[in-house]
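What follows is a short report on a single structure.
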Amino acid sequence: MPAGYVGYDQGGLLTEAITKQPHCVLLLDEVEKAHPEVFNLLLQVMDHGRLTDNNGREADFRHVIVIMTSNAGAEQQARRSIGFQSQDHSTDAMEVIRKTFSPEFRNRLDGIIQFHSLPTSVVRSVVDKFLVELQAQLDEKRVQLDVDMEARDWLAEKGYDPSMGARPMARIIQERLKKPLAELILFGELAEHGGIVHVSVEEGELHLSTEAELADAP
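In our numbering, each number is its position in the sequence shown, counted from 1, plus 17.
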């Protein structure tokens with residue numbers, strides 16, 4: 018930043034952070050959207066293990082693990098196969114990556130890892146994780162959540178998108194579980210003493226039913 022501008026005498030956010038924590042993992046999300054100058058800086062880091070800010074201060078990157086994520090090629094990889102035979106679109110995705118990032122940049126990477134669509138078992142694990150977190154929030158309200166397997170499968174199906182992964186899961190849990198539970202806890206059958214909430218699927222939708230308050234522990 019030229020002299021005369023506010024902050025011209027300050028160091029860069031990245032170099033200052035690395036100087037304070039020289040042993041760390043640096044995550045750069047959606048790196049394909051970065052300004053071209055950022056790639057020049059990354060080349061300097063990968064070539065020399067150091068980065069110098071505009072004040073001449075040098076940050077040592079030799080003990081930093083740099084992880085960069087990118088959506089480049091994700092659309093091609095998620096593309097459905099035509100016909101009855103499944104097709105491997107990983108080559109198409111790599112072609113997009115080759116067009117997006119220069120050879121100089123790609124050749125300095127230790128590796129490129131492609132993430133494929135999540136298998137059903139992993140999506141169910143994501144559902145279980147959200148339910149455990151939700152139960153922890155309900156404990157202080159004396160509310161116990163009982164979600165049957167069909168309801169868990171319903172959440173896994175509705176909360177997963179091939180192009181977005183499990184990102185929609187939080188919204189589905191919020192809309193279909195947390196909001197109805199909040200109504201029951203604030204104004205419904207669970208308002209005074211808590212209870213058990215059974216979650217099942219009826220006519221293709223989640224259904225919540227309540228049971229009497231939990232018995233006091235002996």
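We treat Cβ as the ideally placed atom computed from N, Cα and C, and that holds for glycine. In this text, all values refer to a predicted model and were calculated from it rather than measured experimentally.
A contact between stretches requires three or more CB pairs, one per stretch, nearer than 8 Å, and the segment 215-225 meets this requirement with the segment 157-174. A buried status is given to G90, since no fewer than 16 other beta-carbon atoms sit within 10 Å of its beta-carbon. Within the segment 28-59, the runs of beta strand (DSSP E) that reach at least 3 residues and sit entirely inside it are, in chain order, 41-45. Across the structure, R159 and Q191 are spaced so that their CA atoms are roughly 20 Å apart. Around the beta-carbon of V149, fewer than 16 other beta-carbon atoms lie within 10 Å, marking it exposed. The Cβ atoms of T32 and R74 lie closer than 8 Å to each other. Only residues of its own chain outside the window of five on either side were considered, and among them T86 have a CB closer than 7 Å to the CB of D46, listed in chain order. Taking 8 Å as the cut-off, the beta carbon of H40 is found closer than this to the beta carbon of H80.
Separation of D70 and L30 (C-alpha to C-alpha, rounded to the nearest whole angstrom) is 9 Å. Sorting W171, G182 and D109 by C-alpha distance to the C-alpha of L194 places W171 at the top. When only Cα atoms are considered, D145 and R169 end up about 8 Å apart. For the pair A153 and Q131, the CB atoms are not nearer than the 8 Å cut-off. By the beta-carbon neighbour count (other beta carbons within 10 angstroms, threshold 16), G66 is exposed. Taking S134 as reference, the option from V113, M181 and F122 with the minimal CA-CA separation is M181.
Of V83, F147 and T108, the smallest CA-CA separation from G128 is found for V83.
A direct Cα-Cα distance of roughly 14 Å separates G221 from A173. A direct Cα-Cα distance of roughly 8 Å separates I202 from E209. Between L60 and R125, the beta carbon gap of about 7 Å places them in contact (Cβ cut-off 8 Å). Residue state for Q131 is assigned as coil, using DSSP reduced to three classes. When DSSP reads this structure, E75 sits in a beta bridge with T69.
Secondary structure of L155 (DSSP, three-state): helix.
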